[in-house]
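The numbering of the sequence shown is our numbering, which starts it at 86 and goes up by one. Backbone N, C-alpha and C define an ideal beta-carbon position, used for all residues, glycine too. Structure first, commentary second.
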Amino acid sequence: MKFILLWQKRMIIMNNFFKHRLGLHFKEMTRYLKYVFNDFFVIALMFFIGALGLVYSNFLKEVVGGLWWEKVVIILVLVIALQICGMATLIKQPDKVFIAPKEYEFGSYLKSSFYYSLTLAFLFEALVVFILMPFVNISLHWNGIQIIELFCLILILKWLILKNNWANFYLDFPKSIFEKVIVNLIIPAIVLIVILYVNLSVGIALALSFSILLQLALNRLANLLDWKYLIDNEERRMANIYRFFSLFQDVPEVKPKVKRRRWASPLLKSVKTIHNNTFTKLYLLTFIRDGEISSLYFRLIIIGFLVIVFVKNNVLSLCIYDLFIYLVGFQLIPFYKIFDDNVFVHIYPISEKTRMDNFRIVVRTMLSIEILVLTIGMLISGTSIQFIGFALIVGLFEIYCLTGPYLKSKFEN
Numbered sequence: 086m087k088f089i090l091l092w093q094k095r096m097i098i099m100n101n102f103f104k105h106r107l108g109l110h111f112k113e114m115t116r117y118l119k120y121v122f123n124d125f126f127v128i129a130l131m132f133f134i135g136a137l138g139l140v141y142s143n144f145l146k147e148v149v150g151g152l153w154w155e156k157v158v159i160i161l162v163l164v165i166a167l168q169i170c171g172m173a174t175l176i177k178q179p180d181k182v183f184i185a186p187k188e189y190e191f192g193s194y195l196k197s198s199f200y201y202s203l204t205l206a207f208l209f210e211a212l213v214v215f216i217l218m219p220f221v222n223i224s225l226h227w228n229g230i231q232i233i234e235l236f237c238l239i240l241i242l243k244w245l246i247l248k249n250n251w252a253n254f255y256l257d258f259p260k261s262i263f264e265k266v267i268v269n270l271i272i273p274a275i276v277l278i279v280i281l282y283v284n285l286s287v288g289i290a291l292a293l294s295f296s297i298l299l300q301l302a303l304n305r306l307a308n309l310l311d312w313k314y315l316i317d318n319e320e321r322r323m324a325n326i327y328r329f330f331s332l333f334q335d336v337p338e339v340k341p342k343v344k345r346r347r348w349a350s351p352l353l354k355s356v357k358t359i360h361n362n363t364f365t366k367l368y369l370l371t372f373i374r375d376g377e378i379s380s381l382y383f384r385l386i387i388i389g390f391l392v393i394v395f396v397k398n399n400v401l402s403l404c405i406y407d408l409f410i411y412l413v414g415f416q417l418i419p420f421y422k423i424f425d426d427n428v429f430v431h432i433y434p435i436s437e438k439t440r441m442d443n444f445r446i447v448v449r450t451m452l453s454i455e456i457l458v459l460t461i462g463m464l465i466s467g468t469s470i471q472f473i474g475f476a477l478i479v480g481l482f483e484i485y486c487l488t489g490p491y492l493k494s495k496f497e498n
């Protein structure tokens, strides 16, 4: 009896330890989120969601139901959605030293982290099914009860994937790429194929069978944790979150990655190596090789292009056109200060005005490329030439304002 009480007390301690970690995690996330959800981002998000909603609404009007590709789309969307929201353990690097002596009690901590991760995953999957519901209703002619059953099936599959993540934390569980592909991709795909092409109840029974088998395998595992895998998994998860936050604020946890891009060598060679072009070449070289800023630039252009292609409303298309020019310009302008911590840059015999002019050339070049891509998107969407010309004039004026008065007021003393 005393042993049971002692064991329960230790489990409570581990649960409280997870709650403490979770509180610190929420505090850290809140600190970064206030920079993410500023007034500008909220307005941009409203425009973006509105544009996507309009595109989705127009797409649903063209869906007739009964076509072969509709079921394929549902399977792909749901399988991709199941890969998001993995298990969050909130483990830190020192834990392998300080918590290792209590390894046999650590199952209670992982259980708490499992249910926390499951709650987040359920909320996300509910959002995905809610968005997909009109398409499922039109293409498959399912009623509300069948869609609820589909949601329950998705929750079972997500439970299965998270349980597999949990099992991977132990040394005696056979970890491999093949095993992850089977559990994360093949089993969900098979179950979804069964419910769409055979029977919904059979698919749910199949998903439950896989889940029970995995739970039985997990019960047979010893309590020997693979600390390296456990820590690496959490660090990868947090790195993705920090990388998103770094788009809006400097994040100490994100280390810059520099990579040479050989495809851009001709562009760099086109810039003459003369005294007045020193910072032009330096900014261009840094922009191309800096993984964070260049990937953000290309992602925003691609997203803007795709949204404009599918939006048929001229006014909304113009708003998105100008919004994405501003988004990219807003992210590029702080790049001006990237060399301020390098002491050698300050001893260059180059005036601040020349540096500002060089930076202005680089930003205008990047934004002009974006305008070209977005204009092509307007042409593909069937927008009239007259309206495209008007959008082009507005876009060029916006570039002038961003790289002229705004840039000057922000950095020149």
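Burial of Tyr368 is indicated by the presence of at least 16 other C-beta atoms within 10 angstroms of its C-beta. Contact check between the stretch 374-387 and the stretch 113-121: fewer than three CB pairs, one atom from each, fall below 8 Å, which does not count as touching. Asp317 and Val149 have their alpha carbons spaced roughly 47 Å apart.
With a threshold of 16 other beta carbon atoms within 10 Å, Leu161 falls short and is exposed. For Trp154, same chain residues with a beta-carbon under 6 Å away, outside a window of 5 residues either side, do not exist. Annotation: Gly192 to Cys170 spans about 21 Å, alpha carbon to alpha carbon. If you look at Phe409, you'll find it in the alpha helix (DSSP H) that goes Asn399 to Leu417. Beta bridge pairing from DSSP links Leu242 with no other residue. A contact between stretches requires three or more CB pairs, one per stretch, nearer than 8 Å, and the stretch 215-223 fails this requirement with the stretch 252-261. Ala185 counts as exposed, since fewer than 16 other C-beta atoms from the protein chains shown sit within 10 angstroms of its C-beta. CA-to-CA, the gap between Thr174 and Tyr200 works out to about 10 Å. With respect to the C-alpha of Asn398, the residue from Leu137, His110, Tyr411 and Lys187 having the closest C-alpha is Leu137. Taking all protein chains in view, the Cβ of Phe254 is crowded by 16 or more other Cβ atoms within 10 Å, so the residue is classified as buried. For Ile484, the closest C-alpha among the options Leu457, Met463, Glu210 and Leu464 is that of Leu457. Judged by DSSP in its simplified three-state form, Leu306 adopts coil rather than helix or strand. In the structure shown, Tyr327 falls within a helical segment according to DSSP collapsed to helix, strand and coil. Counting along the chain, Cys486 sits inside the alpha helix (DSSP H) bounded by residues Ile470 to Cys486. With a beta-carbon spacing of about 6 Å, Ile280 and Leu238 fall inside the 8 Å limit used to define contacts. For Ser224 and Val392, the gap between their C-alpha atoms comes out near 23 Å. Rounded to the nearest angstrom, the gap between the Cα atoms of Leu492 and Ile478 is 20 Å. Rounded to whole angstroms, the separation of the alpha carbons of Ile446 and Phe475 is 24 Å. Proximity to Ala274 across Asp425, Val157 and Gly151 peaks at Val157, based on C-alpha coordinates.
Judged by beta-carbon spacing, Phe102 lies beyond the 8 Å limit of Ser198, meaning their Cβ atoms are not closer than that value. Separation of the CB atoms of Val400 and Ile465 is rounded to 18 Å, and the pair is thereby denied contact status at 8 Å.
Between Ile405 and Val396, the C-beta spacing is below 8 Å. Partner residues in the beta bridge of Tyr255, as assigned by DSSP, are Leu310. Spanning the alpha carbons of Leu381 and Lys313 requires a straight line of approximately 31 Å. The alpha-carbon separation between Phe133 and Leu408 amounts to approximately 9 Å. Straight-line spacing of the CA atoms in Leu139 and Lys196 works out to 42 Å.
Taking C-alpha positions only, Gly135 is separated from Ile128 by approximately 11 Å.
In this structure Gly462 is buried. Its beta-carbon is surrounded by 16 or more other beta-carbon atoms within 10 angstroms.
The alpha-carbon of Leu208 is positioned some 21 Å away from that of Val268. In this structure, Ala252 sits near Ala302, with a CB-CB distance shorter than 8 Å. About 18 Å separates the CB atoms of Leu109 and Met172; that is not less than 8 Å, and the two are not in contact.
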